[in-house]
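Engineer: In this text, residue positions in the sequence shown follow the numbering used here: the first is 2, and each later residue adds one.
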Amino acid sequence: MQRHLALATLILALPGPAPAESPRQCGPREAVIALLADRYGESRQAMGLAANNAVVELFANAETGSWTITGTMASGTTCLIASGEAYQALAETLIPGEGA
Numbered sequence: 002m003q004r005h006l007a008l009a010t011l012i013l014a015l016p017g018p019a020p021a022e023s024p025r026q027c028g029p030r031e032a033v034i035a036l037l038a039d040r041y042g043e044s045r046q047a048m049g050l051a052a053n054n055a056v057v058e059l060f061a062n063a064e065t066g067s068w069t070i071t072g073t074m075a076s077g078t079t080c081l082i083a084s085g086e087a088y089q090a091l092a093e094t095l096i097p098g099e100g101a
């Protein structure tokens, strides 16, 4: 829980949209990525494109197990979506007939 509060506090300290514009914890992408790398040793593990054209990325530190999910808008603003512990990299394959 302390990690979540520390990350939220640091991201809130980054220059970004005013609270009236966005209630999320956001900042310039470069600053958020540097924070995740410097403070938590996290690097990008996966990425995808959301329906709203936001780039969603998963950052993690395999040694400590910390992870963070971010969303980046076309403007370059990156917002914290979620973070946690016990990250595990998986390479599962879909078993025929057991799809979602």
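A virtual CB, placed ideally from N, CA and C, is assigned to each residue, including glycine.
Return the chain-ordered list of same chain residues with a C-beta closer than 6 Å to the C-beta of T79, the five sequence neighbours on each side being excluded.
Structural biologist: So the list reads R30, V33, T71 and T73, once near-sequence residues are dropped.
Engineer: Looking at A83: is its Cβ nearer than 9 Å to the Cβ of T69?
Structural biologist: In this structure, T69 lies closer than 9 Å to A83 by Cβ.
Engineer: Starting from A83, follow the beta strand (DSSP E) in both directions and report where the run begins and ends.
Structural biologist: Element bounds for A83: T78 to G85.
Engineer: Could you tell me the distance, in whole angstroms, from the CA atom of D39 to the CA atom of S67?
Structural biologist: Approximately 13 Å, taken between the alpha carbons.
Engineer: Quick one: is E43 near chain D, going by C-beta distance under 9 Å?
Structural biologist: Note that chain D does not occur in the displayed structure, where there is just one protein chain.
Engineer: Could you pull out every residue in the same chain whose Cβ sits closer than 6 Å to the Cβ of S23, ignoring the five residues on either side in sequence?
Structural biologist: The predicted model places S23 with a pLDDT of 44, which falls under 50 and marks its position as unreliable, so this point remains unresolved.
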